[in-house]
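Heads up: the sequence lines are chains A and B, in that order. Those letters in the first sequence? Residues 0 to 429, by numbering that gives the first Met the number 0. Those letters in the second sequence? Residues 0 to 429, by numbering that gives the first Met the number 0. The structure under discussion appears below in the form of structure tokens.
Protein chains: 2
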Amino acid sequence: MTEMVRAEVITIGDEILFGQITDTNTQWISTELTNLGIRTVRKTSVGDGAPAILEALQEAHNRADLIIITGGLGPTKDDITKKTLCTYFGVGMVRNEVALELVTSFFVKRGREMTDLNRTQADLPANAEYIQNDWGTAPGMWFEHQVGNNGRSVVYVSLPGVPFEMKSLMKNRILPKLQERFETPIIKHKMIRTVGIGESFLAERIEAWEDALPPHIRLAYLPHFGQVRLRLTATGSATDTARLDRELAEQVDKVMPLIGEYVFGFDTDELETVVGRLLVERGLMFGTAESCTGGYIAAQITKTPGSSAYFQGSIVSYANAVKVGQLGVDPATLAEHGAVSEQTVRQMAEGARRALGADITLATSGIAGPDGGTPDKPVGTIWIACATPDRTVTRLLRLGQYRDQNIQLTTAYGLNMVREQLLASSTYTS
Amino acid sequence: MTEMVRAEVITIGDEILFGQITDTNTQWISTELTNLGIRTVRKTSVGDGAPAILEALQEAHNRADLIIITGGLGPTKDDITKKTLCTYFGVGMVRNEVALELVTSFFVKRGREMTDLNRTQADLPANAEYIQNDWGTAPGMWFEHQVGNNGRSVVYVSLPGVPFEMKSLMKNRILPKLQERFETPIIKHKMIRTVGIGESFLAERIEAWEDALPPHIRLAYLPHFGQVRLRLTATGSATDTARLDRELAEQVDKVMPLIGEYVFGFDTDELETVVGRLLVERGLMFGTAESCTGGYIAAQITKTPGSSAYFQGSIVSYANAVKVGQLGVDPATLAEHGAVSEQTVRQMAEGARRALGADITLATSGIAGPDGGTPDKPVGTIWIACATPDRTVTRLLRLGQYRDQNIQLTTAYGLNMVREQLLASSTYTS
């Protein structure tokens with residue numbers, strides 16, 4: 000197997016040092032590098048000052064073959080990273096015409112005035128390879144530089160700190176370049192996505208299977224709000240690709256009988272996209288009636304491009320007046336059983352089918368918290384209902400005391416309820 | 000003004016380097032240090048190996064007066080941090096009786112058998128001051144050590160990596176000790192939150208003011224989806240508290256005339272909470288009619304506990320049938336001008352006031368992308384409307400080609416439009 004490439008990730012920004020913003024970049028980058036078989040040996044955060052950045056670069060080039068730098072770019076950062084890289088490499092700044100054109104068109108498109116400050120974003124260190132940023136105005140940069148007495152070659156990548164721009168540049172430009180540049184081992188992943196079972200219960204069910212995994216196939220549990228993703232990672236050399244794929248498929252075949260009832264998808268599947276696929280297959284339109292989730296489920300569904308093909312819409316009935324007026328919930332039901340009750344959530348789901356002209360609907364009503372709990376209906380008491388052309392099913396969730404978590408768990412359990420109904424729905428179509 | 004104490008935070012753990020877990024400790028620690036007036040000059044993450052940890056300690060003691068180390072403790076980590084600290088300080092390991100008692104009682108309480116491995120958790124480097132951990136079995140440790148030729152005194156703190164244990168130890172034991180040990184300066188923050196103006200344009204407007212800031216008051220730009228936060232940080236000695244607050248207030252007074260129209264709040268204000276506050280003050284109920292935002296705005300509003308006091312609900316009219324049936328949009332308008340038009344979004348906002356029984360509503364209709372664009376209505380073409388009891392205002396947004404970003408920017412600009420209407424609404428109440 001090829002030798003391990005060592006990487007250091009350097010994050011630049013006072014706001015990170017002072018704990019003012021959460022650095023989501025570093026974890027994302029090291030995960031991507033790990034997937035490429037590149038080993039992150041150090042993560043470093045420094046402030047917006049040239050001396051600290053220089054010190055970090057000098058320390059890093061002694062231990063790393065690859066140095067990825069994020070942040071410290073853009074007008075308000077005084078482009079400290081670019082200037083410091085000039086000092087570090089001992090080169091001057093040169094205006095890049097391609098970059099200038101891109102920055103200009105970026106402002107033209109938005110019909111905005113362009114300042115001289117914006118123009119300087121097209122200036123790069125003389126030895127930089129310009130990496131086109133189609134997602135913002137700060138350029139990406141790639142450097143090759145010899146360090147130490149033996150003149151070891153080190154690769155430097157400089158990216159903007161804005162997560163959206165950094166991730167787009169990495170995915171579309173840098174990761175493919177890294178695979179070319181470094182002879183990295185082959186890493187194959189297979190993700191099994193489960194919902195509705197806790198990590199430890201899952202672990203118990205598959206313990207024997209897990210213990211029997213060969214050493215070159217590793218398993219990771221990735222829990223996330225009602226879901227647990229099982230990530231299988233197989234490592235081998237470039238010639239093993241086909242074998243690794245086959246071995247991963249075999250392991251999935253072995254484990255499915257143990258956990259199949261909880262598996263909703265694989266790899267990049269999400270609950271909302273799996274539900275979307277089933278709706279399209281069956282030619283059914285979906286809609287939601289949301290009280291305690293406040294539109295979060297609709298927002299999850301519509302995050303997916305093309306969701307208009309299977310999503311009619313939602314009625315977020317936060318006020319009881321909307322439950323009655325738009326969803327046709329019986330005021331007597333609200334008076335007798337309350338908004339958080341099986342009777343109300345059932346009428347919400349059925350009313351949404353009529354109001355939205357949807358074939359299948361999901362309704363939620365509960366106490367998300369932190370306030371509003373009562374002895375018989377404590378915070379975390381949430382009813383969900385799914386209405387289809389031939390039946391309405393309901394379920395009571397007893398969740399915790401944290402509002403965000405309750406909203407996200409209700410969304411996961413709710414969408415899974417819709418998935419189960421769709422799988423059982425072969426009998427009806429719209 | 001007292002001299003700034005420089006801190007480095009070192010996180011130990013392969014799982015962090017490989018991106019398998021999110022490191023929430025470092026941000027939390029540096030925020031706490033910032034509040035104490037201790038300046039974090041470097042954040043470092045290394046793996047569970049002695050050489051890397053030693054290297055990190057040697058680099059850190061040259062630039063820091065305080066080194067806080069988390070992780071690398073406990074049986075599963077082979078207590079690598081404790082062993083490496085012994086090497087680093089050149090001392091042996093000594094069993095601490097108080098710690099042993101605590102570990103023992105911890106196991107007795109849980110009725111679990113105690114192994115020799117568990118007993119070694121009570122072993123500490125000879126020069127360690129034992130910091131009692133009442134929240135777990137791994138001990139906290141405090142060291143004072145002379146480094147360099149001048150024998151500068153550096154403080155080392157070693158804590159378990161489990162966030163709950165680390166935070167409990169910091170809050171209850173370490174932070175008070177740090178305040179005693181270091182004569183820390185006072186740091187005061189003031190955050191000015193703007194929306195609807197780009198970072199570079201903001202920078203140009205306040206350039207003269209920024210250049211005139213006194214050296215002990217620093218400014219940081221923190222951009223985030225249509226918003227830019229301006230963070231003022233003032234530093235002084237313990238006796239200056241009142242003066243610093245006054246100086247920050249004066250700087251805010253100076254800058255407001257330049258950017259007031261874009262400022263929606265201060266410090267912890269969020270757009271949705273500011274809108275919520277204005278609604279409560281005016282006794283008005285809010286609602287949304289969402290097409291391209293798909294319920295995201297409603298979800299943002301209802302994230303806030305108690306939002307039911309001012310939020311009626313939302314009609315997510317993804318399908319035109321819902322725009323007509325629930326919002327009363329005229330089919331002729333849809334046929335003539337299309338769903339993405341000023342005429343349609345205006346009727347959506349006004350229809351939502353009736354359907355939801357809301358006083359003020361926000362409507363969105365646009366092409367979020369990536370598909371669905373046409374030459375005259377490219378992706379990113381988004382109409383928003385705000386309807387109040389006495390008028391309806393509309394605005395055309397020309398955004399980029401990225402769906403998530405378009406949804407979040409539309410939410411920011413939309414909520415800001417509602418805020419502006421509420422500020423102009425002193426004339427009417429529900």
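Even glycine gets a Cβ: it sits at the ideal position worked out from N, Cα and C.
Output, in chain order, the set of chain B residues within a Cβ distance shorter than 8 Å of residue i.
i	result
G46 (chain A)	V40
Q342 (chain A)	The premise fails here: Q342 (chain A) is roughly 20 Å from chain B at the closest Cβ pair, so nothing lies under 8 Å.
P74 (chain A)	E198, S199, A202
For residue i, go through chain B and note every residue whose CB falls closer than 9 Å to its CB, in chain order.
i	result
A297 (chain A)	E289, G293, G294, Y295, A297, A298, S313, V315, Y317
Between residue i and residue j, which are expected to be in contact by the criterion C-beta below 8 Å, what is the C-beta distance as a whole number of angstroms?
i	j	result
A59 (chain B)	V45 (chain B)	The pair is not a contact, with the Cβ atoms about 11 Å apart (cut-off 8 Å).
L355 (chain A)	Y309 (chain A)	Actually they are not in contact, since the Cβ atoms of L355 (chain A) and Y309 (chain A) sit about 12 Å apart, beyond 8 Å.
S313 (chain A)	E289 (chain A)	6 Å
P74 (chain A)	N117 (chain A)	7 Å
I216 (chain B)	A241 (chain B)	Between A241 (chain B) and I216 (chain B) the Cβ distance is about 15 Å, and since that is not below 8 Å, they are no contact.
T363 (chain B)	G327 (chain B)	17 Å between Cβ atoms; not a contact.
R192 (chain B)	R228 (chain B)	5 Å
V315 (chain A)	A338 (chain B)	That pair is no contact at about 20 Å.
V371 (chain B)	T301 (chain A)	Val is not the amino acid found at residue 371 (chain B); the sequence shown has Gly there. Contact flag wrong, Cβ pair sits at about 13 Å.
Below 8 Å between beta carbons: does that hold for residue i and residue j?
i	j	result
L398 (chain B)	I383 (chain B)	no
F263 (chain B)	V273 (chain B)	yes
T381 (chain A)	T409 (chain A)	According to the sequence shown, residue 381 (chain A) is Ile rather than Thr. Cβ atoms of I381 (chain A) and T409 (chain A): closer than 8 Å.
F17 (chain B)	F88 (chain B)	no
V4 (chain A)	R38 (chain A)	yes
T10 (chain A)	G70 (chain A)	yes
L168 (chain A)	L158 (chain A)	yes
T303 (chain B)	R345 (chain B)	no
F285 (chain A)	Q325 (chain A)	no
M113 (chain B)	Y129 (chain B)	no
L243 (chain B)	K187 (chain B)	yes
G235 (chain A)	P162 (chain A)	no
A121 (chain B)	V102 (chain B)	yes
G225 (chain B)	V254 (chain B)	no
L174 (chain B)	L35 (chain B)	yes
A49 (chain A)	T86 (chain A)	yes
Residue i to residue j, Cα distance in whole Å?
i	j	result
M0 (chain B)	R230 (chain B)	For M0 (chain B), the predicted model reports a pLDDT of 39, less than 50, meaning its position is unreliable and no value from the coordinates is stated.
L283 (chain B)	Q404 (chain A)	29 Å
P388 (chain B)	I196 (chain B)	28 Å
K82 (chain A)	I68 (chain A)	13 Å
I258 (chain A)	L270 (chain A)	17 Å
A437 (chain A)	G135 (chain B)	The first residue shown for chain A is 0 and the last is 429, placing residue 437 (chain A) beyond what the model contains.
K170 (chain A)	D239 (chain A)	24 Å
F181 (chain B)	V154 (chain B)	10 Å
T33 (chain A)	A248 (chain A)	21 Å
D133 (chain A)	M165 (chain A)	11 Å
P124 (chain A)	A202 (chain A)	51 Å
K189 (chain B)	Q342 (chain B)	42 Å
E260 (chain B)	M416 (chain B)	12 Å
A127 (chain B)	Q26 (chain B)	26 Å
D329 (chain A)	R353 (chain A)	15 Å
Find the residues of chain A that neighbour residue i, judging by a C-beta separation of less than 9 Å, and give them in chain order.
i	result
W27 (chain B)	G18
L221 (chain B)	E14, Q19, I20
Q178 (chain B)	Under the 9 Å cutoff, chain A gives no residues; its nearest Cβ is about 18 Å from Q178 (chain B).
V161 (chain B)	Within chain A, no residue comes near V161 (chain B); the closest Cβ sits about 16 Å away, beyond 9 Å.
Starting from the beta carbon of residue i, find every residue of chain A whose beta carbon is closer than 7 Å, and list them in chain order.
i	result
F310 (chain B)	Y317
R402 (chain B)	P304
Can you have a look at residue i and say buried or exposed, based on whether 16 or more other CB atoms are within 10 angstroms of its CB?
i	result
E437 (chain B)	Since the first and last residues shown for chain B are 0 and 429, residue 437 (chain B) lies out of range.
E31 (chain A)	buried
G365 (chain A)	buried
E198 (chain B)	buried
R245 (chain B)	exposed
K322 (chain B)	buried
R418 (chain A)	buried
L421 (chain A)	buried
V378 (chain B)	buried
Under 7 Å: does the beta carbon of residue i sit that close to some heavy atom of the ligand MG?
i	result
T240 (chain A)	You won't find the ligand MG in this model; it holds no ligand whatsoever.
If the cut is a Cβ gap below 8 Å, which residues of chain A does residue i touch?
i	result
P369 (chain B)	P304
Which residues of chain B have a Cβ atom closer than 7 Å to the Cβ of residue i, listed in chain order?
i	result
T114 (chain A)	S199, E203
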